[in-house]
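Student: Pasting a structure here, questions to come.
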């Protein structure tokens, strides 16, 4: 049985995750930031793509939690681009870097999983994480191409997006479902599950209809 996958992100009122330079911009309200911190405590793993690691250098940890209390950090990195200095490699939480089968890059103190020919095979990865690592739930926090890949493979069980009171603009600014091509012919229908005001924004939660 595959892990439960929840995509969680924040976008501006015009649908952008960040500016065109792809550097992180504060979108979430204080209330949403508090919600995300609590959300992380209830999941086995936090997953991001290597683009997010390079652009934002996140910790992906729970503040003041020790190694055993933190969710597993999972980095999708087909070609091994995660810098050795990245904070996700700081040893403060269990960490997995997922590459393609031809990548030979190693990171000290971090386990690498080789999964897929050119790109990471997400369906196979979910099976590995469930059976070999006992991971039952995952939060996917970005970026846009990673989120799109999970939708493309129909692996998303729940989609939560905080829409903040901010306009970012930019034709090439990233969106929650980014990259080339369509996620699915005609799109993927979402059923609205809930809507909640959190400060100067609203949290929308949808259930995909595959």
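Numbering (this note's numbering), first residue to last: 308 to 517.
C-beta atoms are modelled at their ideal positions from N, C-alpha and C, and glycine is treated no differently.
Relative to the C-alpha of residue 473, which candidate in 410, 481, 355 and 508 has its C-alpha closest?
Tutor: For residue 473, the nearest C-alpha among the options comes from 508.
Student: Quick one: grab the DSSP three-state call for residue 360.
Tutor: Here residue 360 sits in helix by DSSP.
Student: Could you tell me if residue 359 is buried or exposed, where buried requires 16 or more neighbouring beta carbons within 10 angstroms of its beta carbon?
Tutor: Answer is buried; the Cβ neighbour count reaches 16.
Student: What are the complete alpha helix (DSSP H) segments, minimum 4 residues, inside the segment 388-442?
Tutor: As far as the segment 388-442 is concerned, its whole alpha helix (DSSP H) runs of at least 4 residues are 429-440.
Student: What residues in its chain sit with their C-beta under 6 Å from that of residue 401, if we drop five residues either side in the sequence?
Tutor: Excluding residues within five positions, the ones whose Cβ falls inside 6 Å are 379.
Student: In terms of DSSP beta bridges, what is residue 467 paired with?
Tutor: 315 and 512.
Student: Does residue 324 come within less than 8 Å of chain C when only Cβ atoms are used?
Tutor: Of the protein chains in this structure there is only one, and it is not chain C.
Student: Could you tell me the alpha carbon to alpha carbon distance between residue 348 and residue 456, rounded to whole angstroms?
Tutor: Each residue's alpha carbon lies about 25 Å from the other.
Student: Using only alpha-carbon positions, find the residue among 344, 385 and 469 that is nearest to residue 502.
Tutor: Taking only the C-alpha atoms, the option nearest residue 502 is 469.
Student: Identify whether residue 455 lies in helix, strand or coil by the three-state DSSP scheme.
Tutor: In the structure shown, residue 455 sits in a helix (DSSP, three-state: H, G or I).
Student: Since residue 343 is in the alpha helix (DSSP H), which residue starts that stretch and which ends it?
Tutor: First-last of the alpha helix (DSSP H) with residue 343: 337-348.
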